[in-house]
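Data first, discussion second: the structure below is written as structure tokens.
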Amino acid sequence: MPRLLPTTLKSSGKGVGYLVVMGGGLLMSQVHAAYRFDASFLEIGGGPGSAQVIEQVDAMSSGQIPGLYRVDIIVNEKLIDRRDLQFIKETIAQPSANGLFPCFDLSFLQGRGIKAEYLSNPTYTTNGCVLFTGAIADISYHYDFNRQRLSLEIPQAYIGPLPFAVRRQQWSDGEQVAFSNYSFSGSTSKYNDAQQNNQFASLRNGFNIGPWRLRNYSNWHKSTASPGKWQSLESYVQRDMGNWMAIATVGETSTEGDLFQSVPYRGVEIASDLDMLPEQSRGFAPVIRGIATGRSLITIRQRGYVINEQWVPSGPFALTNLYSTAGNGDLEVTIEGPSGERQQFTQSFSSVPYMLRETQQSYSIAAGQYRPSEEDAEIAKPALVQATLRRGLSTSTTVFGGTQISENYTSGLLGFARDFAGVGAISVDVTHAQSDNIGAARESLSGQSYRFRYSKSLSATHTNFSLVGYRYSTKGFYTFTEALDSQANTRWYDGAQYSHTKSSFNASVSQQFGSMGGLYVNFSKSDYWNASQSNTSVQIGYNFSIGSVNYSLGVAQSASRQSNSRSLSLSLSLPLGTPQSGKRVTVSATQDSQGSAVRSTGLSGSAYDNNALSYNVGLTQQVTQADNVTGGSIAARYNAANTIVHGGINQSADTRQLEYGIEGGVVAYKSNLMFTQPLGETNVIVSTPGAAEVAILNKSGIRTNGVGYTVVPSAQPYRKNRIALDTASLSDDTDISKLVQEVTPNRGAFSLAKFETRIGRRVLLTVIGESGQPAPFAADVQLFGIEGEPLVSAMMADNGRVYLTGVPARSELVLKVNNNRWCAQVLELPPTDQVEAAIVQMTINCAVKSKDVTSDKGILHDE
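Printed below as a string of structure tokens:
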């Protein structure tokens, strides 16, 4: 008789197994939707259930079976999720090539950004699935059963900004945890017979419960000259206020530092958190406006690269959801109409700090008491109120302002920022301050500070003025902290007045020459009232490559009241061995105007999985007018799963220096204590129950501990964070069907990414029925735990064989044909010490009613 080639199993939320028998061989495959089975080819042999088997196979040949399938969901050619999705039988209103229709609820479509007017009156099936009819009839889908890929095409006209309420529902407050982020470093330096020891430690402790965050930041320092001393830097309680798109903070912290200088205080603050905006609305980007003569494709390019494409209907359009690209650069906009006609124009795009998109706004208000450091205990602690506001207007303009009010001090700020087409982005602001009780004379002074900033990228010449800033302050202008310093000084010599800032200028310019490298210039200068000498710094550098060798040439000059120096430096870096090895040799030389020179040669590289170990070995020669010293150094850093350790040794003829350090985190979660790499502000707890030493993809050194927990640090708040497991790290007895999870944590949260794991063995099982015949082809195979929990769903191949993964030592097996039970049996695996093969091969006799299986739970209950 002909052998049947393909058989596949039906997926479930707990796992998937596949079997194909070809000429007695075992192959992994899936049924193609176009395959047809002639039931007369089946050699049923008149056994029990023959008619049901024929009926089931005949139903399969007319289309796929409705049920739960694990699929990749792709929307407008972008993979957005991989999950279990219910598929129902096609309807007259929604026919399908393979007989299946995906069951999406209303929240899924809302989460794709479909505008509310299109979802105001949806049509549902009896299962509660939304049909793609009526207002959303243009949504199309294609289900590739062979690859388990579901592709949705949603017209651009349907899509708008994701409603805030929908995005808010996606955020996670995270788990209840207590944690400590620690860092300890030290050094021992010995010069001739003198020895100097330094040690420093910092702790960032916290506790999360729901949306509330309790934080304390403290540090400790000890040296040869001073005993160890702890000091608390910040202690506060914080939570997000999502409906206001803001963060509320109570305790000891510092004010916002965007418009005014950041001030430490003890009190309360409410401040906007612009990270709560949709990802494509963060940062500044202009609104692209135009008129489409028909349904048109809008293509936007920057520096020759396509950064956005959108379809728009006929008529005026305004694109407000451009991603904020790095740096500046004008945008080239192309409008391609329905008949192929094209319109092109250039949209200016430059930005400076403080700029917001049209209609966006940001605010902060803080009230409390000034909190000086312990070293400045004699300074007064007046009450302080600070408020700021920024608002994005049309024509790429942002206005902003703020005020600081305290005892003996008041200031107000007003300014604007705008992208001037063809010129660049410019911001101008002025601050007026009134300061009382200044200096020993207790004067009342007032003054102004004027600030100008400029930014522009010239695409034609690849010149970038990343930030040019100038600030001028009159003699009577004091910042809040300058005023407090001066008010505390009753001596005739007022240090605060003497070092009072008069003006400052900063510029950063870069020029790219394509394959010939790039040039950069950084310049800064500060002048002070009552001081003739300025502080000036100039850095000029040129970087280029020839083949695989990188070169860097730099010139620097600095001048201040204390010193004046110039230096010239040259370095080159070339790979050693294969590019995968990461080994590089670096040679550098620096010569300064004092006649001193430093020459060094170093070898750096990395080793182990994900480059967990990095190292550097070097030789250095220091030449001065009086001496010539040669020394060597070696340093290494290792990213372990639960900590990071680093250390190094530097030695020359008369100097020896040893440095060392360790950093990491400790997280208490439920009954688990996790030791982790250094934590970030926002983190993700990864759970693989029972699966130890599971590595996280692209995360150096991070693996689950003995009970299946670890922490992935430094997640992005209010964004989807993708956590993927490294399949190569899974043991033979571990099966995880969904290897990727996405979580969207609130700021400061420890969100949970829990992976469904099955710990068990791989089994090639042959099932024999009561009549002595093999179990029928295409029968549904279900495996349950001893408590009745579903473990595996599969489909029987010919000759009564089925391949199962994640099988525990004892489980319950049930076979169904056309939804009717064919047999049930307890499955017990032989002890592991009796089976050396990775796949257990065994045969069982399966009875219609098994005495070993209870009827009130487990496999014998019908769902």
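Residue 80 in our numbering sits at position 73 of the sequence shown, with consecutive numbering throughout.
Every residue gets a Cβ at the ideal spot worked out from N, C-alpha and C, and that includes glycine.
Secondary structure at residue i, three-state DSSP: helix, strand or coil?
i: Y485; result: coil
i: V82; result: strand
i: T734; result: helix
i: M681; result: strand
i: M362; result: coil
i: R246; result: strand
i: D337; result: coil
i: I143; result: helix
i: M523; result: helix
i: L116; result: helix
i: N617; result: helix
i: T470; result: strand
i: Y876; result: With the chain running from 8 to 870 in the structure shown, residue 876 is simply not present.
i: E286; result: helix
i: Q183; result: coil
For residue i, count neighbouring Cβ atoms within 10 angstroms of its own Cβ and tell me buried if that reaches 16, exposed if not.
i: D492; result: buried
i: M523; result: exposed
i: W499; result: Residue confidence for W499 is low, a pLDDT of 42 falling below 50, so the modelled location carries little weight; the figure read from the coordinates is stated next. Per the 10 Å Cβ criterion, exposed.
i: H507; result: buried
i: L577; result: exposed
i: I810; result: Note that residue 810 is Tyr in the sequence shown, not Ile. That one is buried.
i: S678; result: exposed
i: W237; result: exposed
i: Q789; result: buried
i: R296; result: exposed
i: S778; result: exposed
Quick check: what's the CA-CA separation for residue i versus residue j?
i: E339; j: S466; result: 11 Å
i: S434; j: D426; result: 9 Å
i: N128; j: S758; result: 35 Å
i: S194; j: S451; result: 48 Å
i: A844; j: T734; result: 21 Å
i: A871; j: P685; result: The structure shown does not extend to residue 871, since the chain is modelled only from 8 through 870, so no value can be given for it.
i: Y485; j: S261; result: 19 Å
i: Q367; j: S331; result: 14 Å
i: T410; j: R220; result: 28 Å
i: E276; j: S369; result: 14 Å
i: Y131; j: R729; result: 32 Å
i: T404; j: Y477; result: 20 Å
i: R119; j: G344; result: 26 Å
i: F520; j: T470; result: 9 Å
i: V814; j: P162; result: 45 Å
i: N328; j: S288; result: 6 Å
i: G249; j: L284; result: 11 Å
i: T300; j: Y243; result: 56 Å
i: Q723; j: Y461; result: 30 Å
i: R568; j: A514; result: 22 Å
i: T585; j: L526; result: 29 Å
i: A563; j: S611; result: 26 Å
i: G767; j: P271; result: 56 Å
i: N618; j: S707; result: 7 Å
i: S371; j: L396; result: 7 Å
i: T543; j: F530; result: 8 Å
i: F791; j: V137; result: 32 Å
i: S565; j: S539; result: 16 Å
Checking the sheet assignment: what are the DSSP bridge partners for residue i?
i: R591; result: P582, S611
i: F191; result: A208, I669
i: K197; result: Q202, R663
i: Y810; result: L771
i: V805; result: Before going on, a small fix: residue 805 reads as Asp here, not Val. DSSP lists no partner for D805.
Legend entry - At least three beta-carbon pairs within less than 8 Å, the stretch 312 to 325 to the stretch 438 to 447: no
Inset, instruction - Could you say if the stretch 174 to 183 and the stretch 657 to 664 meet the contact criterion of at least three C-beta pairs nearer than 8 Å? - result: no
Legend entry - Three-pair Cβ contact test at 8 Å for the stretch 766 to 775 versus the stretch 797 to 814: yes
Legend entry - Touch test, the stretch 447 to 464 against the stretch 475 to 483, Cβ-Cβ under 8 Å, three pairs minimum: yes
Inset, instruction - Would you check if the stretch 739 to 753 and the stretch 666 to 682 touch, i.e. whether three or more CB-CB distances between them fall below 8 Å? - result: no
Inset, instruction - Report yes or no: do three or more beta-carbon pairs, one from the stretch 564 to 582 and one from the stretch 600 to 617, lie closer than 8 Å? - result: yes
Legend entry - Stretch pair the stretch 227 to 237 + the stretch 247 to 262: three plus CB contacts closer than 8 Å: no
Legend entry - Three CB pairs or more closer than 8 Å across the stretch 88 to 96 and the stretch 142 to 149: no
Inset, instruction - Kindly confirm or deny that the stretch 664 to 671 and the stretch 689 to 706 touch, where touching means at least three C-beta pairs closer than 8 Å. - result: no
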